[in-house]
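Peer 1:
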Amino acid sequence: MTEVHFPEFGRRQAGRAPARGVLVCWLVADGSRVRVGDRLAEVRVGGDCCARTVGWVSALATGTLWHQVRPGEVLTAGVVVGLID
-13 MTEVHFPEFG RRQAGRAPAR GVLVCWLVAD GSRVRVGDRL AEVRVGGDCC ARTVGWVSAL
47 ATGTLWHQVR PGEVLTAGVV VGLID
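The opening residue of the sequence shown carries number -13 in the working numbering; numbering runs sequentially from there.
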(Lines of atoms letter the chains of each structure in order from A and count residues from 1; the text may use other names and numbers.)
(Lines give C-alpha, C1' and ligand atoms only; values in the text may rest on other atoms or scores of the structure.)
Protein backbone atom coordinates (compact mmCIF):
# COMPACT_ATOMS: atom_id res chain seq x y z
CA MET A 1 0.00 0.00 0.00
CA THR A 2 1.31 3.45 -0.94
CA GLU A 3 0.52 6.51 1.18
CA VAL A 4 -0.49 9.74 -0.55
CA HIS A 5 0.74 12.76 1.44
CA PHE A 6 -0.38 16.38 1.59
CA PRO A 7 2.43 18.30 -0.17
CA GLU A 8 4.85 20.84 1.22
CA PHE A 9 5.50 23.67 -1.22
CA GLY A 10 8.78 25.55 -0.95
CA ARG A 11 11.36 25.13 1.79
CA ARG A 12 10.49 24.71 5.42
CA GLN A 13 12.45 27.06 7.65
CA ALA A 14 14.07 25.70 10.81
CA GLY A 15 11.95 26.28 13.89
CA ARG A 16 8.75 26.92 11.94
CA ALA A 17 5.73 24.68 11.88
CA PRO A 18 4.94 22.85 8.63
CA ALA A 19 2.80 24.78 6.17
CA ARG A 20 -0.94 24.39 6.54
CA GLY A 21 -3.33 24.02 3.67
CA VAL A 22 -6.67 22.74 2.46
CA LEU A 23 -7.57 19.79 0.27
CA VAL A 24 -9.93 21.68 -2.06
CA CYS A 25 -11.39 18.72 -3.94
CA TRP A 26 -10.70 15.18 -5.03
CA LEU A 27 -10.30 14.83 -8.80
CA VAL A 28 -10.66 11.03 -8.63
CA ALA A 29 -13.55 9.23 -6.90
CA ASP A 30 -12.91 7.07 -3.84
CA GLY A 31 -12.29 3.47 -4.93
CA SER A 32 -11.22 4.44 -8.46
CA ARG A 33 -8.26 2.99 -10.32
CA VAL A 34 -5.32 5.42 -10.74
CA ARG A 35 -1.95 5.32 -12.50
CA VAL A 36 1.41 6.85 -11.63
CA GLY A 37 1.32 10.57 -12.39
CA ASP A 38 -2.47 10.97 -12.34
CA ARG A 39 -3.66 14.13 -10.56
CA LEU A 40 -5.68 13.01 -7.55
CA ALA A 41 -6.64 16.19 -5.70
CA GLU A 42 -6.42 19.98 -5.82
CA VAL A 43 -4.84 21.66 -2.79
CA ARG A 44 -4.18 25.19 -1.50
CA VAL A 45 -1.25 25.95 0.78
CA GLY A 46 -0.14 28.99 2.78
CA GLY A 47 -1.69 32.31 3.62
CA ASP A 48 -4.65 32.70 5.88
CA CYS A 49 -5.93 29.31 5.22
CA CYS A 50 -5.15 29.09 2.46
CA ALA A 51 -5.23 31.43 -0.46
CA ARG A 52 -1.67 31.40 -1.76
CA THR A 53 -0.34 28.41 -3.66
CA VAL A 54 -2.65 26.14 -5.61
CA GLY A 55 -1.30 22.74 -6.55
CA TRP A 56 -2.11 19.09 -6.99
CA VAL A 57 -1.48 15.79 -5.31
CA SER A 58 -0.36 13.18 -7.84
CA ALA A 59 -0.30 9.39 -7.72
CA LEU A 60 3.07 7.81 -6.96
CA ALA A 61 1.78 4.29 -7.65
CA THR A 62 -0.76 2.43 -9.77
CA GLY A 63 -3.76 0.88 -8.02
CA THR A 64 -7.02 1.76 -6.28
CA LEU A 65 -7.28 5.12 -4.48
CA TRP A 66 -8.87 5.28 -1.03
CA HIS A 67 -9.57 8.78 0.36
CA GLN A 68 -8.49 9.36 3.96
CA VAL A 69 -9.65 12.99 4.33
CA ARG A 70 -12.60 15.06 3.15
CA PRO A 71 -12.47 18.16 0.95
CA GLY A 72 -12.22 21.36 2.98
CA GLU A 73 -10.13 19.86 5.79
CA VAL A 74 -7.23 22.01 7.01
CA LEU A 75 -4.08 19.87 6.93
CA THR A 76 -0.35 20.15 7.54
CA ALA A 77 2.34 19.06 5.09
CA GLY A 78 3.07 15.34 5.24
CA VAL A 79 -0.35 14.21 6.48
CA VAL A 80 -1.68 11.08 4.74
CA VAL A 81 -4.64 12.10 2.58
CA GLY A 82 -5.08 8.87 0.63
CA LEU A 83 -3.92 5.31 0.15
CA ILE A 84 -3.26 3.48 -3.11
CA ASP A 85 -3.75 -0.26 -2.84
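Backbone N, C-alpha and C define an ideal beta-carbon position, used for all residues, glycine too. All of these numbers come straight from a predicted model, not from anything done at the bench.
Run through the DSSP bridge pairs and tell me what residue 27 is partnered with.
Peer 2: In the sequence shown, residue 27 corresponds to position 41, counting from 1. The partner list for residue 27 (beta bridge, DSSP) reads 12 and 43.
Peer 1: Compute the beta-carbon to beta-carbon distance between residue -6 and residue 5, rounded to the nearest angstrom, for a pair I have assumed lies under 8 angstroms.
Peer 2: The residue you call residue -6 lines up with position 8 of the sequence shown. The residue you call residue 5 lines up with position 19 of the sequence shown. Correct: roughly 6 angstroms between the Cβ atoms.
Peer 1: Count the other CB atoms, across all protein chains shown, that sit within 10 Å of the CB of residue 42; report buried if there are 16 or more and exposed otherwise.
Peer 2: For the purposes of this step, residue 42 is taken as the residue at position 56 of the sequence shown. Its Cβ having fewer than 16 others within 10 Å, residue 42 is exposed.
Peer 1: Assign residue 7 to buried or exposed, taking buried as 16 or more other Cβ atoms, counted over all protein chains shown, within 10 Å of its Cβ.
Peer 2: Here residue 7 corresponds to residue number 21 of the sequence shown, with the count starting at 1. Residue 7 comes out buried.
Peer 1: Starting from residue -11, trace the beta strand (DSSP E) in both directions and tell me its first and last residue.
Peer 2: In the sequence shown, the residue the question calls residue -11 occupies position 3. Per DSSP, residue -11 belongs to the beta strand (DSSP E) from -12 to -9.
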